[in-house]
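Residue numbers (the UniProt record's numbering), protein chains in the order written: chain P, 1 to 1004; chain S, 1 to 191; chain A, 1 to 109; chain U, 1 to 414. Just so it is clear, CB atoms sit at the ideal spot from N, CA and C, and this is done for glycine as well. Below you'll find the structure, written out as structure tokens, and then a few comments.
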């Protein structure tokens, strides 16, 4: 059984006990524990169930590569599924639950899949579940989904905070092991600004566990010394609990800092996502030990040899009393030696190499440990925990030579450099046959904006596995990084570690090498996704020969560990099956993140009220206080209507329109775009922008204009006022202000750069208020002494006036509602003041603020088009009967050439008309008018569609506008508009003006 | 009696740094040939300041000239005197092609003050700008984005940053800055 | 996440300050041009794998348009230059020639 | 071809699955074929399949420079829907969706078409009107959709926040027979069926040149030798411009990166596909339990299959706001594909200026959902010279100003 040892635990503060629960059971750990070490200290060998077969799963590793030990952490708003216990720091009061089982971890119905495993090989679902057809959606799929899926879905809203941070460094070193520390020091000594990040809370990586000496002192001392050296260097920043999550183009690195995961309840943000721009990146990300593929290698208690060692040395935890070590390299001997020295039993070291190990093997033998060379494990005995192993000849087919009782197995299939970050942005790999690993190909590094390499691997991440070469290599990497960012590396030499004489690794991809199919069906490659040696072989046999095919067909490496333990082993099995060397098979693509990062950290501060900017006019608060029902328009929010208590939206609209038409309405039009166009060539420029002739507009006058894009389609409209000979003020739609300003600048900067024109977007300078209706002049006259009579300010004129309180205003005599109306533009800082004054002054006229919908209805009653309703990006002015707004005199305007294309001049283009339902009802939005028959694809033929449709309170009936085939020539024709329920509304084609056809009301 | 009000009426927040909306500022967008003697003289006469170098800002207190683009300056003056400044520019530049327009009400301005390192950090949480002392110092002027809106920043001195953004998003900007200054959120990189 | 240097304001910034504007050095064809010319102007794209010239706007910055020479395969940026030109400047072309001998792009090489 | 079935799996289990055949053969190229399809993605393979099935043309080679299904077929978010506004789009996507319904049975390969329903949220009045228009159009096009209320949205997707303070959900366009399928399986299933018809699928075969005699195509040059053909179909998505260049014409195409990501798997919590276009994000849950998330494309030409991180960020923040419970989930993997965007964001299935060369490209972000329909129509076009499904998608439309613009209905084309 696994337990806490009396001695050991270099990372623990045994003086502080911590309480936690697992599946409701109360456990004790100590400060410094990970959740993994604490669970093991409490003999919790089984911690979860696998994805497909629901096999019992125990902890395999000690770091971010852990595939099995995932739990649901915390509760309610703090609940987080799939949390890796090996990277979770224990804190007092932690609660967690195991995953993917029902009803309990110990007894799981889903484990029946394990019994059926033979019938559920890789890709079985592609071959089955096809009949009867509806069963997939309703029977098979729900069953599969329910049994897959790992962790529970969170339910509550996350209450923690998250933030981003932009940082810039010459050199970013990822990984705080001895390689990273040395690389950072070398770069720092050269003067480079360095960030060194480490994903765990501790410096030194695994070197202190592995032992050895550096510059004559124990590794722990070296680490303490170099960290304190680095801490005194002002140009070096050290961060722990921060993972290099991804490397992106041009030296962009994501650093995932888990600020307060280990101390929930702290005020600080939970995660901070650093977005770092690095001149050079040193990946000192270490290496990951590989499992060995033997039957039963997934039974809880079978663990990576390095992890067994980590738990013993770092956390004072023994995984078992009797641990069998199985290996193909020397490193695993360290585990045996460590355990033995701690007083634990190592019944045998099973070394697959016929020639056995090097110096460490001698040391083990000297300690009295039995070593069996040329042997392998035929199978592991046990279900929910290890009970023993059968030993066989590695060269054979798995006949058991001996059963050895044990309660843990420590395995090592060699080491794979962590090349993820090197590869994220295109770094290539080469196969190192001698060390049986993929390592970075230094000649094919990721390249940056300047075309030069910007990632340098260091230490084990570069394929160097013994301490001495790790340090040498890291020193070179640090210096190279500094040099590449413009610094001169110092002369200081790399620290020197005692070299070791190791016997070479022998690649062992299967144990025993001739394992029978029955054994291969029990030899796991991917523990979480339940992919076995036999599955990859099946994929190869069926022609899924590309490594990507095999991966996708078997799901190898697609689990939450992304194959950190399984990819290379799977690749080797695939290569073997295809009888081709490993490099010819190649690897799958490494994609960010290195280990999963919270979605919340990616969203950062963009949540709740800072989710997106919400633009507010100066009168926004008034709207909010007065029952505004909001409509998002661009980033603005405008009142759709104002609801009085107890009023429906329809009633509110009716009231707003009736009172406006009868007396006086007010509209907050501040969101309309306002752009100044000024210069000697402003008129020429305006003539290119608008389809109409704008250069002839007189100062003091306004003109409505249309703007098309170069592709001919209508993009915006609005009223242009000429402020003076040199200056125009262009009003745009609410959504269009920024786009149109950008559009103007684009043409000025990139096509007509010699034209003397300047533009400025002054949209927000003004609060703009529409004062609309019969009494509009009356109310304004109460607020100004200036003459705004029909002669002084005629329709489509503007002038500057002063309002009560000295508010300077530009008043435009324009009308979108068809009533007498004035638009007042005043400084935004005084918008609310004016609005309040108008409300007060208008009280006697029953002044009624109205929203966007009333505005739409009133303009539709007048037959005015609306960009976004009558237009949708495919409509040209000619479709809308707006030839009057297209200058015939101009040689050119944006969109003119496009409008000459054959489809644009096609007489069968649908044209704008009015539509009146025969029964007075309102046509539904977006309805189509049908024509006889169907087209070649069997679709019903159509001959028109509704573009705007409203119930008109003014007329007491439905009104609509639409685009109809030959519409203007078909006045009086009746069209069929089917509703979605299949019933048909009949509507007559009419002129698209429903109210005050002669325009008398706006002109009083 | 003017009742002109700024977007947030001078709201403020005390966190790891202090965030204040600075109330109404007089601002003028001035476009033209920045190298021309007329422009240099007009700016000098109107503000007492020289046209700054590319990427820089001249001035102090409430009186600034910022380099916005190769043909654009932003003049910041007292809110009350903006029309005088505008008139002065108009007169001085009447013969040359230019654009001078009052944008005082188009914008909102914030000040972050306190510990200089923390002030830099607060900005670095929101703007993709290198805020290290060696990269950004008083006198420099940087237009960028602050989270999802355009913003311009400069440091009047080592212990404060001023931020200009559009008026309509003042509340969003204030909320962002409050979050960046939230107690307990020190990054402790620059300090 | 690209970094670009805006030649108009001198700022080197990440991509989020910029807005891509597609192929550069396109000649406008207006009224009177042939269907082919107009189609070529508005729609036909070179879309190369390799050296490309394109337009960018420093949207969250000085607001100016400029041109960039960039490799669409490695994302290397050979240089940025003024938008007020109808062809890539010689120094940019030289830089590209040094790194991609024999390159060509539309009528330029 | 050995038939797949539960019985076959059981039978094979007894001999430890040693008896399965290759799903597709791996032949050497012949000297000449009637038809060569360049690109063994979903569209290319489907084209070959329907050439054989509908027109009896089986002397066909499908050439693939990498591994089959390795482009966008294997990189998308697997959404299938046909709730398009314009007739020509609705026709080809609905044809595809209908074929997807029975594709597992037709191919005898379970592609796991799951008609779980696709929902496009309306979060502005403008979107409401746009989707109501689409619903009307769909009714006449024979595409079953409806505009549903916020309450119905909440019933179908309990984890959604319909009262979001920023953009409350005002309704949704709902296509109950839209859904998802297993993307790789679509390519594999077609490949197996093509191979069974005697067609040659040749992987690791890169086309380096296109040969013509006068204005007519005669074959292709590849890294595995010259191969002659009478007709050539180019179906290579992001690399279309490159191939067109070889054939000697230009396309209205730009290649950009489109990104997607998945979360770690969790137990089932969302049974429909939700697209939120106002805030730019869409999400579904795979059968494995991952939340599959997609968003917008980069704004510049790119052939790296990597995108810029800020697009991921924009998408994720939109979805965290729309589905608050995903906040503490973790991103497992992000990736990118190269999509080919046309001038109107609709595809091109067309003859070309070179006689005998046909092009199928420009699917942009909408490729996966159209695979069977695209293959069906393109095969007809290649075999007969005309297909009602592809007629509107010809190359000439840009010259004529006759665009097929789907963005008009507020929906983005994912």
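In chain order, what are the residue ranges of uninterrupted beta strand (DSSP E) at least 3 long that sit wholly in the stretch 792 to 846 of chain P? Every beta strand (DSSP E) stretch that sits fully inside the stretch 792 to 846 of chain P and reaches 3 residues is listed by chain position as 798 to 803, 807 to 812 and 821 to 827.
Contacting residues, own chain, Cβ-Cβ under 6 Å from residue 15 of chain A (five flanking each side not counted): Correct list, in chain order: 1 and 2.
Which ranges does the beta strand (DSSP E) cover as unbroken runs of at least 3 residues, wholly within the stretch 733 to 766 of chain P, from first to last along the chain? The qualifying runs are 758 to 761.
From the DSSP output, which residues share a beta bridge with residue 79 of chain P? According to DSSP, residue 79 of chain P bridges with nothing at all.
In three-state terms, what does DSSP make of residue 288 of chain P? In this structure, DSSP gives residue 288 of chain P an extended state, which the three-state scheme calls strand.
Counting only beta-carbon separations shorter than 7 Å, does residue 997 of chain P have a partner in chain S? Closer than 7 Å: no.
Are residue 118 of chain P and residue 135 of chain U close, meaning C-beta to C-beta below 7 Å? Contact: no.
Give a yes or no on contact between the stretch 267 to 277 of chain P and the stretch 498 to 513 of chain P, applying the rule of three or more CB pairs nearer than 8 Å. Touching, no, given that fewer than three Cβ pairs across the two stretches are closer than 8 Å.
Considering Cα atoms alone, identify which of A/83, A/108 and A/103 is closest to residue 746 of chain P. Comparing C-alpha distances from residue 746 of chain P to each of A/83, A/108 and A/103 shows the shortest one belongs to A/83.
Going by other Cβ atoms of all chains shown within 10 Å of its Cβ, with 16 needed for buried, is residue 366 of chain P buried or exposed? Looking at its Cβ environment, which holds fewer than 16 other Cβ atoms inside 10 Å, residue 366 of chain P is exposed.
Can you pull the chain U residues whose beta carbon is under 7 Å from the beta carbon of residue 107 of chain A, in chain order? Ordered by position in chain U, no residue passes the 7 Å Cβ test against residue 107 of chain A, which lies about 13 Å from the chain.
Which same chain residues end up closer than 6 Å to residue 102 of chain P when comparing Cβ atoms and leaving out the 5 residues on each side of it in sequence? Once the five neighbours on either side are set aside, the close Cβ partners of residue 102 of chain P are 109.
Roughly how many angstroms lie between the CA atoms of residue 69 of chain A and residue 79 of chain A, to the nearest whole one? About 5 Å.
Residue 23 of chain S at chain P interface by Cβ criterion, 7 Å: Output row for residue 23 of chain S: interface = no.
Selected residue, minimal CA-CA separation from residue 925 of chain P, among P/766, P/957, P/908 and P/961: Among P/766, P/957, P/908 and P/961, the Cα nearest to that of residue 925 of chain P belongs to P/961.
Give the single residue among S/143, S/108 and S/184 whose Cα lies nearest to the Cα of residue 11 of chain S. Per the Cα distances, S/108.
Answer with yes or no whether the minimum CB distance from residue 413 of chain U to chain A is below 7 Å. Bear in mind that the predicted position of residue 413 of chain U carries a pLDDT of just 36, short of 50, making it too unreliable to give a figure here.
If you draw a straight line from the C-alpha of residue 215 of chain P to the C-alpha of residue 38 of chain P, how long is it? Approximately 34 Å between the Cα atoms of the pair.
Alpha-carbon to alpha-carbon, residue 994 of chain P and residue 906 of chain P: Taking C-alpha positions only, residue 906 of chain P is separated from residue 994 of chain P by approximately 28 Å.
Mind checking residue 350 of chain U: buried by the 16 CB within 10 Å criterion, or exposed? Under this definition residue 350 of chain U is a buried residue.
Look up residue 650 of chain P in the DSSP assignment and say whether it is helix, strand or coil. In the displayed model, residue 650 of chain P falls within a helix according to three-state DSSP.
What are the boundary residues of the alpha helix (DSSP H) that residue 317 of chain U is part of? Start and end: 309 to 322.
Under 7 Å between the Cβ atoms of residue 379 of chain U and residue 47 of chain U? Cβ atoms of residue 379 of chain U and residue 47 of chain U: closer than 7 Å.
Residue 65 of chain A to residue 55 of chain A span [Cα, whole Å]: Residue 65 of chain A and residue 55 of chain A have their C-alpha atoms some 7 Å from each other.
Contact between the stretch 248 to 265 of chain U and the stretch 226 to 235 of chain U (3+ Cβ pairs under 8 Å): Note that the stretch 248 to 265 of chain U does not touch the stretch 226 to 235 of chain U; fewer than 3 beta-carbon pairs, one per stretch, sit closer than 8 Å.
Comparing C-alpha positions only, which one of P/330, P/97, P/334 and P/320 sits nearest to residue 208 of chain P? Nearest to residue 208 of chain P by C-alpha distance, out of P/330, P/97, P/334 and P/320, is P/334.
Does residue 60 of chain A come within less than 7 Å of chain U when only Cβ atoms are used? Residue 60 of chain A does not count as touching chain U.
Segment contact flag, the stretch 172 to 188 of chain P with the stretch 240 to 254 of chain P, C-beta cutoff 8 Å, min 3 pairs: At 8 Å Cβ cutoff, the stretches touch.
Within-7 Å CB hit, residue 158 of chain P to chain U: So, interface residue.
Identify the contact partners of residue 38 of chain A in chain P, using a Cβ-Cβ distance below 7 Å as the criterion. For residue 38 of chain A, the C-beta contacts it makes with chain P under 7 Å involve 897, in order along the chain.
Okay, do the stretch 542 to 556 of chain P and the stretch 325 to 334 of chain P touch, 3+ Cβ pairs below 8 Å being the bar? No: fewer than three Cβ pairs fall under 8 Å.
Candidates P/263, P/494, P/441 and P/605: closest to residue 469 of chain P by CA position: Closest option to residue 469 of chain P, Cα to Cα, is P/494.
Given a threshold of 16 other Cβ atoms within 10 Å of its Cβ, counted over all protein chains shown, does residue 143 of chain P qualify as buried or as exposed? Its Cβ having fewer than 16 others within 10 Å, residue 143 of chain P is exposed.
So that I know if they touch, is there some Cβ in chain A lying closer than 7 Å to that of residue 818 of chain P? No, residue 818 of chain P lies away from the interface with chain A (no Cβ there is under 7 Å from its Cβ).
Distance between residue 129 of chain S and residue 10 of chain A (C-alpha atoms, nearest Å): Between the alpha carbons of residue 10 of chain A and residue 129 of chain S lies a distance of about 14 Å.
Spatially closest choice to residue 945 of chain P from P/426, P/930 and P/30, by CA coordinates: In terms of Cα proximity to residue 945 of chain P, the closest of P/426, P/930 and P/30 is P/930.
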